[in-house]
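For the sequence shown, our numbering gives the first residue as 8, with consecutive numbering after it.
Beneath this line is the structure, given in structure tokens, with notes to follow.
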Amino acid sequence: MNAQIPSETAGLFLSSDTQNEITRFLYHEAFLLDRRLYKEWLALLTDDIVYRMPQRSTRERKDGSNMTDDTAFYEEDMKSLRLRIERLGTKSAWVEDPPTRNRHFISNLFIQAGSEDTEVHVRSNFLLLRSRSDSTVNYEMFGERFDTLRKVNQEWKVCARTIYPDQAVLGVLNLTFV
Numbered sequence: 008m009n010a011q012i013p014s015e016t017a018g019l020f021l022s023s024d025t026q027n028e029i030t031r032f033l034y035h036e037a038f039l040l041d042r043r044l045y046k047e048w049l050a051l052l053t054d055d056i057v058y059r060m061p062q063r064s065t066r067e068r069k070d071g072s073n074m075t076d077d078t079a080f081y082e083e084d085m086k087s088l089r090l091r092i093e094r095l096g097t098k099s100a101w102v103e104d105p106p107t108r109n110r111h112f113i114s115n116l117f118i119q120a121g122s123e124d125t126e127v128h129v130r131s132n133f134l135l136l137r138s139r140s141d142s143t144v145n146y147e148m149f150g151e152r153f154d155t156l157r158k159v160n161q162e163w164k165v166c167a168r169t170i171y172p173d174q175a176v177l178g179v180l181n182l183t184f185v
């Protein structure tokens, strides 16, 4: 399941309580990622998660979309996400030792009811700032995310996320989680 791109007019009538819940959920998720609390972050995802970041290409308008759905920077499921997180604790994750410092910013949330009563679709903008070691070179990545969140046992969880970076070429050699 890929995160659905919500239409501009469908499902606009969510309660302010639900919108606040979703906003707090996404801010909490950013907090966990910034603190590298990846195992706690995994608990915010459903077992059937589809977590992907298609590759952007630079094309003229006449040539169609500049997103390439058949090529992705990553396309993950729960099993591969768990493996990535486990690997971060090993010596082979040398690029994360010392760990990078990340700061996730989420804004411009557009939250809509999903096709099921237990799902919502969220379109948001993101900004990821990273610094590493004592380097004066910092990295930033920004773009748009499309999430589908599902209520499971009275808690929101991400069941699909599609990340569309604005950059066609990412200037970082390793990418953890956006």
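Don't be surprised by glycine CBs; every beta carbon is placed ideally from N, CA and C.
Give the C-beta separation of residue i and residue j to the nearest angstrom, bearing in mind that I take them to be a contact with Cβ-Cβ under 8 Å.
i           : j           : result
residue 125 : residue 158 : 4 Å
residue 113 : residue 131 : 5 Å
residue 25  : residue 116 : About 12 Å; that fails the 8 Å criterion.
residue 147 : residue 136 : 5 Å
By Cβ distance, which residues of its chain are closer than 7 Å to residue i, with the 5 residues on each side in sequence left out?
i           : result
residue 92  : 45, 46, 49
residue 62  : 75, 78, 79, 80
residue 43  : 106
residue 118 : 21, 26, 29, 127, 129
Return the chain-ordered list of same chain residues with a C-beta closer than 8 Å to the C-beta of residue i, the five sequence neighbours on each side being excluded.
i           : result
residue 52  : 58, 85, 88, 164, 165, 166
residue 32  : 51, 156, 163
residue 37  : 111, 112, 113
residue 34  : 113
residue 171 : 60, 61, 63, 74, 150, 151, 152, 153
residue 177 : 80, 148
Take residue i and list the residues in its own chain whose beta-carbon comes closer than 6 Å to its own, dropping the five residues that flank it on each side.
i           : result
residue 134 : 112, 149
residue 16  : Low confidence applies to residue 16: its pLDDT is 49, below 50, so where it sits in the model is not reliable enough to give any reading.
residue 173 : 149, 150
residue 121 : 127, 128
Considering only the beta carbon of each residue, do residue i and residue j sit closer than 8 Å?
i           : j           : result
residue 156 : residue 127 : yes
residue 109 : residue 21  : no
Residue ranges of each alpha helix (DSSP H) within the stretch 18 to 43, 4 or longer = With a minimum length of 4 residues, the continuous alpha helix (DSSP H) runs that stay inside the stretch 18 to 43 are 23 to 41.
ask   = For the stretch 44 to 61 against the stretch 77 to 89, are there 3 or more C-beta pairs whose distance is under 8 Å?
value = Because the criterion of three Cβ pairs below 8 Å is met, the stretch 44 to 61 and the stretch 77 to 89 touch.
request  = Could you name each continuous alpha helix (DSSP H) segment of 4 residues or more that falls completely within the stretch 77 to 138, going from the start of the chain to the end?
outcome  = DSSP runs (the alpha helix (DSSP H)) wholly in the stretch 77 to 138: 85 to 95.
query = Counting only runs that start and end within the stretch 140 to 180, where is the alpha helix (DSSP H) found for 4 or more residues in a row?
reply = None, since the stretch 140 to 180 contains no complete alpha helix (DSSP H) of that length.
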